[in-house]
Amino acid sequence: MNRNELRKADINLMVVFEALMLERNVTRVAEKLFLGQPTISSALNRLRAMFNDPLFIRVGHRMEPTARAEQLIQHLSPALDALSSALSLTHDFDPASSTMTFRIGLSDDVEFGLLPPLLRALRQEAPQVVVVVQHVDYWRIPDLLASGDITVGISQTRGLPANAKRKLLRHIQPSVLRADASDTPMSLDEYCSRPHVLVSHTANVAGFADEWLAEIGRTRQVVLSVPQYSSLPALLAGTKLIASLPDYAAMAMAASGQLHCEPFPFKTPTLDLSMVWLSHVDTDPAERWLRSRLEAFMSERAPLPLAT
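Listed below in structure tokens is the structure:
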């Protein structure tokens, strides 16, 4: 391999090229890299001259890559990952003095149920770091990781990229949340007959519970669909409405004493909550520290809030 070719390369140009492949839009790349649009346009012209190819063709508001660009990214992304990993070995991480910004992706139930104790610990251990949370689900995680908008995500996962690493944090135990207390567990008949609130980020009126009920020949009545878990305490208060949600979110809501949670009245398939990141940040000291704290406070070993 001719290393002399590397003397012609500018790493900054490679970063711009990778960002263009991900975003397909000069304006968004400029915003993401904190550069001006003229700088990105100039970098693109230099890239075109370097590779003797247009690389991107404008189609409407998007920049569609050429065949040469698609070929280049297959070699370039692993190389940038390796370079990033190598550079991360040159510095240590001190949480007590760090002013880094961490960008993490959390599903809504994780943000409500598991983020508060983590945040309290981070404020003690790393009081100057900044945490930026983006909403994720198993559809969004791959794109947000690939674009660099987040470096780690916690959600249910599926369809991950080849360079992704995954760590199981906990098995999700579905729970029922209700405002009215009862000395006896909810029966399947009562669960099916009560009106339900469904949390759906896509405005659906059917979810996992409906699929599980269908398998045993039962149905339920969803009368309200809302986009986030945080509204449930106010919505359930003083009503016969019930909601189905992960145990950690249900217990966090019940901890105030205004709501009550209990296990599902029928057997359900196992759902997993996992932490996902890409291989190029695997050895970064700061990211390793962050993942260790996420695991400590969001895994099955972490204590859950006690319902009263």
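Residue numbers are given in the UniProt record's numbering: position 142 of the sequence shown equals residue 142, and the series is strictly consecutive.
The C-beta atom is built at its ideal place from N, Cα and C for all residues, glycine as well.
If you're wondering where the values come from, they're calculated on a predicted model, not measured in any experiment.
Original post:
Do residue 249 and residue 109 have their C-beta atoms closer together than 8 Å?
Top reply: yes
**OP:** Please say whether residue 102 and residue 131 have beta carbons closer to each other than 8 Å?
**Re:** yes
Original post:
At a cut of 8 Å, does the segment 157-173 reach the segment 269-279 through at least three beta carbon pairs?
Top reply: yes
Original post:
Can you find at least 3 beta carbon pairs, one from the segment 212-230 and one from the segment 144-152, that sit closer than 8 Å?
Top reply: no
**OP:** Go through its chain and collect everything with a Cβ distance to residue 181's Cβ below 7 Å, but skip five positions before and after it.
**Re:** 260
Subject >> Helix, strand or coil at residue 101 according to DSSP, with G and I counted as helix >> reply: strand
**OP:** Please go through the same chain and pick out, in chain order, the residues whose beta-carbon is closer than 7 Å to the beta-carbon of residue 48, but skip the five residues on each side of it.
**Re:** 54, 55
Original post:
Roughly how far, in whole angstroms, is the beta-carbon of residue 43 from the beta-carbon of residue 36, given that I think they are within contact range, below 8 Å?
Top reply: Actually they are not in contact, since the Cβ atoms of residue 43 and residue 36 sit about 11 Å apart, beyond 8 Å.
Original post:
Who does residue 17 pair with in a DSSP beta bridge?
Top reply: None, per the DSSP bridge assignment.
Original post:
Between the Cα of residue 14 and the Cα atoms of 28, 143, 72, 294, which residue gives the shortest distance?
Top reply: 72
Original post:
With distances taken from CA atoms, which of 236, 216, 214, 51 is nearest residue 224?
Top reply: 236
**OP:** Mind checking who residue 206 pairs with in its DSSP beta bridge?
**Re:** None, per the DSSP bridge assignment.
Subject >> Rounded C-alpha distance that separates residue 18 from residue 268 >> reply: 42 Å
Original post:
In chain order, what residues of the same chain have a beta carbon less than 6 Å from the beta carbon of residue 212, not counting five sequence neighbours either side?
Top reply: 268
Original post:
In chain order, which beta strand (DSSP E) runs of at least 3 residues are fully inside the segment 57-82?
Top reply: 62-65
Original post:
From what residue to what residue does the alpha helix (DSSP H) around residue 125 run?
Top reply: 115-125
Subject >> the segment 167-175 contacting the segment 224-233, beta-carbon criterion three pairs below 8 Å >> reply: no
Original post:
Apart from the five residues on each side of it in sequence, which residues of its chain come closer than 6 Å, Cβ to Cβ, to residue 281?
Top reply: 151, 287
Original post:
If you follow the beta strand (DSSP E) that residue 50 is part of, which residue opens it and which one closes it?
Top reply: Segment 37-51 is the alpha helix (DSSP H) holding residue 50; no beta strand (DSSP E) there.
**OP:** State yes or no: is the C-beta of residue 244 within less than 8 Å of the C-beta of residue 176?
**Re:** yes
Subject >> Reference residue 104, options 79, 146, 63, 64, closest by Cα >> reply: 146
**OP:** Would you kindly report the start and end of the unbroken beta strand (DSSP E) that includes residue 30?
**Re:** From DSSP, residue 30 is part of no beta strand (DSSP E) but of the alpha helix (DSSP H) over 26-33.
**OP:** Drop a sphere of 10 angstroms on the beta-carbon of residue 139, count the other beta-carbons inside from all chains shown, and report buried for 16 or more, exposed for fewer.
**Re:** exposed
**OP:** Kindly list the residues whose CB is nearer than 6 Å to the CB of residue 75, restricted to its own chain and excluding five residues on each side of it in sequence; keep chain order.
**Re:** none
Original post:
Since residue 135 sits in a beta bridge, which residues does DSSP pair it with?
Top reply: 106
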